[in-house]
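Worksheet for the structure shown next.
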Amino acid sequence: MSYTIHEVAEKMGISTYSIRYYHEHGMLPFVQRDENNNRVFEDSDLEWLNIIVCLRATGMSIARIKHYLALAQDGDDTVPERYEMMKEQQAQTLQEIKDLQQHLATINFKVAHYAALMENHEPDSFIPSDLQRKTAVNH
Numbered sequence: 001m002s003y004t005i006h007e008v009a010e011k012m013g014i015s016t017y018s019i020r021y022y023h024e025h026g027m028l029p030f031v032q033r034d035e036n037n038n039r040v041f042e043d044s045d046l047e048w049l050n051i052i053v054c055l056r057a058t059g060m061s062i063a064r065i066k067h068y069l070a071l072a073q074d075g076d077d078t079v080p081e082r083y084e085m086m087k088e089q090q091a092q093t094l095q096e097i098k099d100l101q102q103h104l105a106t107i108n109f110k111v112a113h114y115a116a117l118m119e120n121h122e123p124d125s126f127i128p129s130d131l132q133r134k135t136a137v138n139h
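Going by UniProt numbering, the residue at position 107 of the sequence shown is 107; the numbering climbs one at a time, nothing skipped.
As structure tokens, then:
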């Protein structure tokens, strides 16, 4: 099945600008052009794009993604290096998830705190120390 750049953007949830950028920088090497010079994407191009989007979303640099994609095109001899790259990305992503879970726990605490205040019609007694000092000085 073939897709236009706009169909790909909608399907993948990314901008046409990003798709053009990836294509112009050699990251979508198999994308063809039609008689009007418009990009024509196949399902296999969407698979490549999905990998690119995933790696970018998890913090991999464009240079590393390009290196990874080059390795993938070089064949099975590069599997060990690609494996190591994915292991590194996995570890980094797991750490980011752990960090986000800690942040979410703080946010969840604050949501519960404010819900209880509203439910019980109580004033907020939790004031950071700097704010508490400013409030005391101003009154």
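We treat Cβ as the ideally placed atom computed from N, Cα and C, and that holds for glycine. Source: prediction; values computed, not measured.
Query	Result
Rounded straight-line distance, which links the Cα of Leu94 to that of Thr58	10 Å
Under 8 Å between C-beta atoms of Val8 and Leu46	yes
Cα-Cα separation, Ser61 to Glu84	16 Å
Start and end residues, beta strand (DSSP E) containing Glu42	Arg39 to Glu42
Reduced DSSP secondary structure (H/G/I, E/B, other) of Ser125	coil
Complete beta strand (DSSP E) runs within the UniProt domain "HTH merR-type" (1-71) (minimum length 3 residues, chain order)	39-42
Residue range of the unbroken alpha helix (DSSP H) whose run includes Thr106	Val79 to Asn120
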